[in-house]
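Since the structure comes first, as structure tokens, the remarks are kept for the end.
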Amino acid sequence: LSVSLPMLFERFPAIQLAQAPIRRATFVLRGYETIPVKLGQI
6 LSVSLPMLFE
16 RFPAIQLAQA
26 PIRRATFVLR
36 GYETIPVKLG
46 QI
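Pasting the structure below:
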């Protein structure tokens, strides 16, 4: 993540959430089921 996220933000500087992220319904593997985004102009 320390490499991939900066690269993502460099390539898509206008990236933003399209809607609220959806969390997984489990306590074992915490995190998000989906994180919908809008990339903006490329």
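Residues in the sequence shown are numbered consecutively from 6, following our numbering.
Note that beta-carbon positions come from the ideal geometry of N, C-alpha and C, so glycine has one too.
- Message: Going by the DSSP bridge assignment, what does L22 pair with across the sheet?
- Response: Within the sequence shown, the letter at position 17 stands for residue 22. BP columns for L22 point to V42.
- Per DSSP, R35 forms a beta bridge with which residues? Stepping through the sequence shown from its first residue, residue 35 is reached at position 30. In DSSP, R35 forms no bridge with anything.
- Item | Beta-carbon spacing of G45, I20 below 8 Å | Position 40 of the sequence shown, counting from 1, holds the residue named residue 45. Position 15 of the sequence shown, counting from 1, holds the residue named residue 20. Their beta carbons are under 8 Å apart, which means G45 touches I20 by this criterion.
- Task: Please report the Cβ distance between L4 and V42, rounded to the nearest whole angstrom; I am assuming they are in contact, meaning their Cβ atoms lie under 8 Å.
- Result: Nothing about residue 4 can be read from this structure; the chain reaches only from 6 to 47.
- Rounded to a whole number of angstroms, what is the C-alpha to C-alpha distance between E38 and A30? For the purposes of this step, residue 38 is taken as the residue at position 33 of the sequence shown. For the purposes of this step, residue 30 is taken as the residue at position 25 of the sequence shown. Each residue's Cα considered, the two are about 8 Å apart.
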